[in-house]
Structures are given as C-alpha cells and as structure tokens.
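Those letters in the sequence shown? Residues 216 to 811, by the numbering used here.
This report refers to the structure that appears directly beneath it.
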Amino acid sequence: MNKVENLITDNIDLWTSSIQSKASTGRGSSKKIDLHGIKKLRELILELAVRGKLVPQDPNDEPASELLEHINEEKEQLIKAGKIKRPKKLTKISKEECHFDLPLGWKWVRLGELFSSIISGGTPSKRNSEFWDGDIPWASVKDLGKSRYIHETQDYITEAGLESGSKLADSGDVLICTRMGLGKIGIAGVPIAINQDLKAVKLPSCINIEFFLNTFATLKIKGTGTTVAGIKQEELLNYVIGLPGEHEQHRIVAKVDELMALCDQLENQTEQSLDAHATLADTLLDALTQAKSHTELMENWARLEQNWDILFPSTIAGLHAIDKLKQTILQLAVMGKLVKQDPTDEPASELLKRIAAEKEQLIKDRKIKKQKPLPPITDEEKPFELPEGWEWCKFDNIAKNEKNALKAGPFGSALKKTMYVESGYKIYGQEQVISNDENIGDYYISEDKYLALESCRVQPGDILISLVGTIGKVLILSDSCQRGIINPRLVKLGLNPDVYREYIRLVLGSQLIQDELYEKSHGSTMNVLNLGLLRDLVFPFPPVEEQKRIVAKVEELTTLCDQLKQRLQTAQQTQQHFTDAVVTGALAADTEMCES
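Laid out in structure tokens, this is it:
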C-alpha cells in the first residue's frame, strides 16, 4: 500500500464524518447533504495525480519532451494534408505560471500545444422549424456534466440546421464549455453538433483522453463578462498543465479510477449509515408521540436517554436528529403530553362558547353577517384522543367576531405591480413571513388603493400564513407593525383577543398541521393552499392557561435543542476545517506521496 492509500485509509473517519447540510429547495428534496470529506478526498486524488505524486515514475518511460515532439510531428502532417491550419505561436511559459515542481520526465505545456484542432459551434435559427427535431444530436451546456461520454442530447437538429449555423464534433472529441457553465467538460460518444458555448477539441493519439479530463478538472478557470462569465479561445489555449509521458498517463488514469471507486464505496457506506441513523432517530422519537399512557411515555423517554450519545453524535446525523427532536417536542405539545393538565383551568369549551355567543349577539345586532355554519368535526378528523378540557376546533371558531377576520389576499387584477408606489401603505408578502421579519420589504400602495382593499388590511396581532410554495409559514404582526395589506400569496387570521397567539403559531408549525397542509396542497409546479383548506383544518385547542404553559415549555426545550445544535455545528465546522487542513497539508508536503 503506498502513501496515498495510507492517507486515505488512515483518515477514513475524517473523510466519512465531515458532512454538511445543503440548502434544501423544499420538502422531500433529495441529496440534502454534502459529503464534504469525500468531496475533498476526490479533489486531493486529482491534485496528487496532476502533480505526479499518485504513481511512481519509471525511468524507462519516454519523457514528455519527446512526447511533445511526436505531437508536433503529427500536427505538421495534418497541416500538410490540409486538415488543420497552422496555429498561432504560443507564448513561452513563465515561472509564475508553474505553481509546483514537476517530477523528472514531466514538462509544463499550454493546452494549445496539445490540441490538434479546436472548433466552435453555433445555434440554428429557432424560428425555422426545418432546422430542428432532426436526427443529429445538438449539444449545449445542459448536456454536459451528467456523464463523461455524451451519446444523447436534449435537442436535435436536421442536416439543414447543421449547415445553417452549427458545427459537428466527431466521436471522441473533447467538448469544453467556455461560457454558461464555464469549465464543464465531456467526450462526444457519437458525432454531435455543438452550440456557441462549446468548443470541440481533438487530442493527439499519444494523449490519454481520460488523463486530460482529470487534469482539466483541476484547473481554476475564471471567466469575465458583465452578464455571463466566459473565456475566449485564446485564453483557453494558454492554460498551463503538467504533462507526463504516455505510459505514466495510463498508470495515473488506472490509479485514479481505482481510488475514485474507493471513494464511491465510502460514499455509499456513509449514505447507508446516515439512513440507518435516521431510521433509529425516527423509531426512538416516534415512540414518544405514539405512547398510549404517561407511564409508556416515560419508559420510551428513558430508552431515548440510554441512547443519547448514539442519537445525537457530533456529526450531521446528530444535527438532523435534533431537528427531528424539535418537531417531536411540538407534536407532544399539541397532543397535550408536554405539560401537566391543571383541573382548575377553565376548559377550552367555555371560551369557545363565549366566542360563539358573542358572534350570535353581533349577528342579532346586525353588526356582522351570518355565515354558513361550520360542519361538525367528525371522529375521522380527530387523529388522537385529547386530554380533559381540550377541544378540537377550526380557525373560524377562534377568529375575531368581525368581517374579514380570516381573509386571503386580493385576487387577480385587484393588485398589480403597476399599482405599487415608492412610499405609502406596506404590502406584506412571503418575504416577511418566510424570514419572520415584518420590517423588511419595500413594496407599497397609495392611500386610495389601501382604502379600496379594505378587506385585506392587516391589524396588530394578525397571523399571516404563507399560501404558495413555502406553505404554512407563519408571522405574527407586532403591535407596532406598519399599516398595510397582504398580497395574494398570504392569508391573514385575526384571533379573538382571549386566544393565545403564540400557541396558534406553535400549532401551525407542528408536524400534525404541516403534514395536513402538504398533503392537501396542490399545484403543477409548486404547492398551493387556499382559504377553504385553511378553514377546514382541524387542530387541538387546550385551555388558555395551558396554552401559555405549553408555549413556555416548548420555548425552554427548543432553546436547549438550539444550544446542543450549536455545539454540534461547531464540532462539525472544526471537522471540516481539519479535513481541509489535511488536504492542504498533503499538497504542500515535500515528501513523495507514491511508492519509492
């Protein structure tokens, strides 16, 4: 086993445990993690390969200087045959362009010295249907990066389209993106037409194409441009790489393939380990919410405590388990299992009766209109049994007894961007709700428009709920909120003053309600809720005094979870820094990383 393999095997725990979360685009997103350690290991393998530190040099190999002579001879023959034009002479490589020492037999070269030919592509007119949907694959940047060899493309053109505005790359040509996805690379598996963002390059027979791709992947390509970054062909030709002899190229490719296969194994094992840990966390934490009695709940909690270090390790798995624990706390809260019930609390039914009686009186006094009665809540709508003094209810049961207490934003043409003004009455939207900050955003309407959209006006204490995309997010407006309206992506809920607003926020964030919202939302490209769905939501409603105790306990436990999460995140960041340091140290080391 050589020193490179020792570096891998001696640091297995480091490579597999250095993991970070990705920004997720929504519920159910796959690949929510970035295997940082294994990613850095792959980068290290390639860097060692292109520095000549991955495999031993053989003094019997033909040196790169002679290889370049063969390449130049091959080019001269192609020029004489009229197959390629004589390229411009490239500038001599300066010392500043050589970032590390090369082994004996290697040579610094510009990419242009290796290319037998290079062509640019183009795009046939989209207006001419005769150019498209033919039999010729037509590659653009969206076709690169999926696999090394490209056999199929998303778009196809006809012979007429090829003649009008594109170029055909031969099978085996290297396709390099110089704009819109700068640095992506692939190999034409069949003859492929290319667009203007790609270059098709032919390599001499003595350059191993896999070696070239591995080397190209280590280049730090920086583009220029105001809208889309790109590089010119001349810039591409002048990039500098280290070139070994032909035999060593083959040995390097074989070793890279071997070590990348090992990385694949580590990646699969890590993902399986994370999946197993997630199953363990789900099992232990779900047992808390599924407990049938207080005794069973305590037994399940004791089992969780016994496995605490396993459940919450200083890894990404521990961070995910904490998020699951926070949701479990919310679920226990809305099930009435988080705090003790107090028999002296006024039952929730009494408050609901008072709200209903007040509404009836206002209807009699003709101050509000009578609404269609809510259908009774059926047993099928009740997912679990509630504690004594709790009730199942709907938002209309606890809303203010006034017009438009539960209201969606303006529909259709009632609010357009052309109606916005520089200052005036604030327009509240998802931006404020998702960020939980009522003060951000600078969209406003005039006083006339504000008066016209009276039904959509907000009041201090209103709960704003997101309807589109990131559904079910909640913002409670403060007593000092700016006057304004909601936009079409929100619903506002004005609560009866006797209802504890923070408890309703808690309920809306619970898995009980979030699962319901996700299941019933609809839309072709994004999730969409409607006011009718929110009106039909059934949720647990405890006595008001218990609501306050529940919120206090949830805040206390959530704070502890956040503190634990912060400690684990700090440990994770330290591990990632250590991983980076190991890679940097390996590249900076003067000792040979291969067998002597």
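Even for Gly, the Cβ is constructed at its ideal location relative to N, Cα and C.
Being a predicted model, the structure only gives us computed values, none of them experimental.
Kindly indicate which three-state DSSP category Thr-240 falls into: helix, strand or coil?
Along the sequence shown, read from residue 1 onward, the residue named residue 240 stands at position 25. Because Thr-240 carries a pLDDT of 42, less than 50, the predicted location of this residue cannot be relied on, and no value is offered for it.
Quick check: Gly-676 and Leu-710, are their CB atoms within less than 8 Å of each other?
What you label residue 676 is simply residue 461 of the sequence shown in a count that begins at 1. What you label residue 710 is simply residue 495 of the sequence shown in a count that begins at 1. Cβ atoms of Gly-676 and Leu-710: closer than 8 Å.
Suppose you measure from the CA of Leu-428 to the CA of Gly-627; what does that come to, to the nearest Å?
Within the sequence shown, residue 428 is the residue found at index 213, counting from 1. Within the sequence shown, residue 627 is the residue found at index 412, counting from 1. Approximately 52 Å, taken between the alpha carbons.
Spell out a yes or no on whether the region 310-327 and the region 370-380 are touching, meaning 3 or more CB-CB pairs, one atom from each, closer than 8 Å.
no
Does Gly-199 pass the burial test, meaning 16 or more other C-beta atoms within 10 Å, or should it be called exposed?
Any property of residue 199 remains undetermined from this structure, which presents the chain solely from 216 to 811.
If we call anything under 8 Å between Cβ atoms a contact, is Arg-877 one with Cys-478?
Nothing can be reported for residue 877: it is not among the residues displayed for the chain, which extend from 216 to 811.
Spatial neighbours of Glu-603 within its chain, please: C-beta separation below 7 Å, excluding the five flanking residues on both sides.
Sequence index remark: in the sequence shown, residue 603 carries index 388 (1-based). Gln-556.
Using CA coordinates, which residue listed in Gly-349, Ser-736 and His-285 is at the minimum distance from Ile-407?
Taking the sequence shown and counting its residues from 1, one reaches residue 407 at position 192. The candidate whose alpha carbon is nearest that of Ile-407 is Gly-349.
Can you name, in chain order, every residue of its own chain whose Cβ lies under 6 Å from the Cβ of Ile-446, other than the five neighbours on each side?
Here residue 446 is taken as the residue at index 231 of the sequence shown, counted from 1. Result list for Ile-446: Thr-393 and Gly-438, in chain order.
Check the DSSP bridge columns for Gly-249 and list the partner residues they point to.
Sequence index remark: in the sequence shown, residue 249 carries index 34 (1-based). First, the residue type needs correcting, since residue 249 is Asp and not Gly in the sequence shown. DSSP lists Gln-235 as partners of Asp-249.
Could you check which residue in Glu-662, Tyr-658 and Gln-647 has the C-alpha nearest to that of Ser-681?
What you label residue 681 is simply residue 466 of the sequence shown in a count that begins at 1. Residue Gln-647 is the option with its Cα nearest to Ser-681.
Considering Ala-384, what are the terminal residues of the beta strand (DSSP E) in which it resides?
Locating residue 384 in the sequence shown gives position 169, counting from the first residue. Segment 382-384, the beta strand (DSSP E) holding Ala-384.
With a Cβ-Cβ cutoff of 8 Å, do Pro-758 and Ala-563 count as a contact?
Within the sequence shown, residue 758 is the residue found at index 543, counting from 1. Within the sequence shown, residue 563 is the residue found at index 348, counting from 1. Contact: yes.
CB Lys-632 to CB Thr-773, shorter than 8 Å?
Along the sequence shown, one-based indexing puts residue 632 at 417. Along the sequence shown, one-based indexing puts residue 773 at 558. Taking C-beta atoms as the reference points, Lys-632 and Thr-773 fail to come closer than 8 Å.
With DSSP collapsed to three states, give me the class of Glu-606.
To locate residue 606, count along the sequence shown from 1; it is residue 391. In the three-state scheme derived from DSSP, where H, G and I count as helix and E and B as strand, Glu-606 is classed as strand.
By the three-class DSSP mapping on this structure, what secondary structure does Phe-626 have?
Along the sequence shown, read from residue 1 onward, the residue named residue 626 stands at position 411. It is coil, neither helix nor strand.
Go ahead and pull the three-state DSSP assignment for Ala-803.
Working through the sequence shown from its first residue, we reach residue 803 at position 588. Looking at Ala-803 - three-state DSSP - the assignment turns out to be helix.
Could you give the DSSP three-state label for Asp-560: helix, strand or coil?
Here residue 560 refers to the residue found at position 345 when the sequence shown is read from its first residue. It is coil, neither helix nor strand.
Taking the alpha carbon of Ala-571 as the reference point, which residue from Asp-538, Pro-598 and Phe-610 has its own alpha carbon closest?
Start at 1 with the first residue of the sequence shown, and residue 571 comes out as number 356. Ala-571 has its Cα closest to that of Phe-610, out of Asp-538, Pro-598 and Phe-610.
Closest by CA to Leu-752, which one among Ile-655, Glu-731 and Asn-616?
For the purposes of this step, residue 752 is taken as residue 537 along the sequence shown, with counting starting at 1. The shortest Cα separation from Leu-752 among Ile-655, Glu-731 and Asn-616 belongs to Glu-731.
Distance, Cα to Cα, Gln-272 vs Trp-321?
To locate residue 272, count along the sequence shown from 1; it is residue 57. To locate residue 321, count along the sequence shown from 1; it is residue 106. Approximately 10 Å between the Cα atoms of the pair.
Once the 5 residues before and after Gln-791 are set aside, which same chain residues still bring their CB inside 7 Å of it?
Working through the sequence shown from its first residue, we reach residue 791 at position 576. Hits under 7 Å: Ser-233, Gln-235 and His-251.
Output the boundary residues of the beta strand (DSSP E) element that contains Lys-618.
On the sequence shown, position 403 is the one that residue 618 refers to. Note, Lys-618: premise wrong, no beta strand (DSSP E); not H, not E.
Looking only at C-alpha atoms, which of Asp-652, Ile-700, Val-689 and Ser-693 sits nearest to Arg-672?
Numbered from 1 along the sequence shown, position 457 holds the residue referred to as residue 672. Selected option, being the one with the closest Cα: Ile-700.
Please name the residue in Arg-782, Lys-300 and Lys-303 whose C-alpha comes closest to that of Pro-528.
Within the sequence shown, residue 528 is the residue found at index 313, counting from 1. Selected option, being the one with the closest Cα: Arg-782.
Under DSSP, the alpha helix (DSSP H) around Lys-539 begins and ends at which residues?
Numbered from 1 along the sequence shown, position 324 holds the residue referred to as residue 539. 531-549 is the span of the alpha helix (DSSP H), which, as asked, contains Lys-539.
Would you call Ser-244 buried or exposed, if buried means 16 or more other Cβ atoms sit within 10 Å of its Cβ?
Taking the sequence shown and counting its residues from 1, one reaches residue 244 at position 29. Confidence in Ser-244 is poor, its pLDDT being 39 and thus under 50, which makes the residue's placement unreliable; the coordinate value appears in the next sentence. With fewer than 16 other Cβ atoms within 10 Å, it is exposed.
Would you give the residue range spanned by the beta strand (DSSP E) that Ile-407 belongs to?
By 1-based counting over the sequence shown, the position of residue 407 is 192. Here the beta strand (DSSP E) through Ile-407 covers 407-409.
Do you know how far the Cα of Ser-362 is from the Cα of Asn-221?
Taking the first residue of the sequence shown as position 1, residue 221 is located at position 6. Taking the first residue of the sequence shown as position 1, residue 362 is located at position 147. Spanning the two alpha carbons is a distance of roughly 29 Å.
Could you tell me whether the region 407-427 touches the region 380-392, where touching means 3 or more Cβ pairs closer than 8 Å?
As far as the Cβ criterion goes, the region 407-427 touches the region 380-392, which means the pair count is three or higher.
Can you give me the Cβ contacts of Glu-345 inside the same chain, cut-off strictly under 6 Å, excluding the 5 residues immediately before and after it?
Along the sequence shown, one-based indexing puts residue 345 at 130. Same-chain partners within the cutoff: Ala-375.
Across which residues does DSSP place Asp-370 in a beta bridge pair?
Walking along the sequence shown from the start, residue 370 turns up at place 155. Trp-353, per the DSSP bridge assignment.
Quick one: what's got a C-beta closer than 6 Å to Leu-630's C-beta in the same chain, skipping five residues either side?
Counted from its first residue, the sequence shown places residue 630 at position 415. So the list is empty, once near-sequence residues are dropped.
Threshold first: 3 residues or longer. Then list the beta strand (DSSP E) segments lying entirely within the region 716-801, N to C.
754-756
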